[in-house]
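Scroll down for the structure; my scribbles are underneath it.
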Amino acid sequence: MTKKNEVNMMNKGVYTGKIEKDENGNFFCGEYLLDYKEVMSSFKEGDLITIKTVIVNPSDKSYGTYPKKSRNFALANMKPEND
7 MTKKNEVNMM NKGVYTGKIE KDENGNFFCG EYLLDYKEVM SSFKEGDLIT
57 IKTVIVNPSD KSYGTYPKKS RNFALANMKP END
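Using our numbering, read the sequence shown as starting at 7 and increasing by one per residue.
As structure tokens, this is what we get:
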């Protein structure tokens with residue numbers, strides 16, 4: 007993949023990165039908390055995803071660590087966009 011294609015892929019959503027899991031069992035990608043049920047049903051730790059939309063994290067428990075949350079994410083599209 008060329009650097010230009012890599013940049014195009016990264017610009018398709020809010021953020022593109024890998025799903026990680028913290029010591030509290032929360033799934034996250036970068037600074038964004040991911041919906042636990044969504045990850046468990048369709049994804050796995052280490053998947054490269056693109057976050058499409060973000061909301062303010064409504065959970066008092068995890069807001070301090072992750073003020074932003076996403077339920078709308080998908081596997082990253084590795085196909086280059088047309089120029």
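Using N, Cα and C, we set each Cβ at its ideal position, and we do this for glycine too.
Query                                                                                                                     : Result
Classification of G19 by the beta-carbon crowding that lies within 10 angstroms, buried from 16 upward                    : buried
Residue from L40, T22, T59 and Y21 with nearest C-alpha to S65                                                            : L40
Cβ-Cβ distance between I61 and F79 below 7 Å                                                                              : no
Beta-carbon proximity check, E44 vs R77, cutoff 7 Å                                                                       : yes
Beta-carbon contacts of M16 that lie in its chain and below 6 Å, excluding the five residues immediately before and after : Residue confidence for M16 is low, a pLDDT of 48 falling below 50, so the modelled location carries little weight and cannot support an answer.
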